[in-house]
Amino acid sequence: MSVTEKEVQEASSHGRVLIVTAVDAERDAVLRGLRGDERFDVIAAGVGPAAAAAVTAVKIASAAAGAGKAAAEAGDHRAGLVAATGEGSGAGAGAYRLVISAGIAGGFPGRAPIGSLVVATDMIAADLGVETPDGFASVDELGFGSSRILADARLASALAAKLGGAAGLTVSTGPVLTVTTATGTAATAAEHLRRVPGATAEAMEGFGVAIAAQHAGLPVLELRAISNAVGPRDRDAWRIGDALRALEQASTILTEVLSS
């Protein structure tokens, strides 16, 4: 039986969405916001880009393998859809159509206030490089690869518009930095802004999630709720509860954006 264009379009749009957080509290906030929406898988991968990349890659691969097995068991007609849409391939397109890094983060003062939301335009590994006598040199400058991965522009724009529009939430867009050591001084915050003018927020997993998605050929987003200001470490000023509530609200809006 031949595969129609309509069937290809339907199969391509029915993939699941993988949301990756660092810790259980973030995962639970996202799950509350999703309200049982079965299109989403939500996992806590651990802190830092290495854990985020490894766990995300394994999740994508295992889900793709399961999708491929199910397609094979469904017979020749289903196999035609697999071939037409890329479902069940090693790239993981059969199981997931989108990967999202989500959680709380530090916001750069004047760009992303505490309690607000940030939708990344790109995910940047801000400290991936080397020190030189003249200062920091990124892997891009060294010619060893790229420290920047772009978010899916259409989805990022739609999500930011929905969050700031009908939902009435405070939302910023711009680069979100991924670091392996969280900023704790004004000097380091200033240095990050010098390297990445326009940076809105700092977290520790986005680039890791994004590199796993990129290798799988999947689009990626990063959504952050701001719990503290990037700069001198002041735990008394942190508002983690407010940030988790904002993350929950944003997750509800996310289900609406991905339904349109």
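The opening position of the sequence shown corresponds to residue 1 in full-length UniProt numbering, with each subsequent residue numbered one higher.
Idealized CB from N, CA, C, for every residue including glycine.
Query	Result
Residue 233: buried (16+ other C-beta within 10 angstroms of its C-beta) or exposed?	exposed
In or out: residue 38 buried (at least 16 other Cβ within 10 Å) or exposed?	exposed
State whether the stretch 214-228 contacts the stretch 100-117, with contact taken as three or more CB pairs (one from each stretch) at a distance under 8 Å.	yes
Distance cutoff 9 Å, beta carbons only. Does residue 201 sit that close to anything in chain C?	Among the chains in the structure shown there is no chain C, since it carries only a single protein chain.
Going by C-alpha distance, which of 216, 221, 46 and 135 is nearest residue 123?	221
Below 8 Å on the Cβ atoms is my guess for residue 181 versus residue 127; work out the distance and round it to an integer in Å.	7 Å
Which residue wins for smallest C-alpha separation from residue 191, given the options 149, 21, 138 and 170?	138
Which residue or residues does DSSP assign as beta-bridge partners of residue 222?	101
Which residue or residues does DSSP assign as beta-bridge partners of residue 44?	21
Have a look at 203, 145, 108 and 196 and flag the residue whose alpha-carbon is nearest the alpha-carbon of residue 231.	108
Assuming residue 60 contacts residue 96 under a Cβ cut-off of 8 Å, what Cβ separation, rounded to an integer in Å, is found between them?	6 Å
Suppose only complete runs of 3+ residues qualify. What are the beta strand (DSSP E) ranges in the stretch 106-147, listed by chain order?	117-125, 129-132 and 135-138
Any idea what DSSP makes of residue 89, helix, strand or coil?	Since pLDDT at residue 89 reaches only 37, below the 50 mark, its modelled position is unreliable, and the value read off the structure follows with that caveat. Coil at residue 89, not helix or strand.
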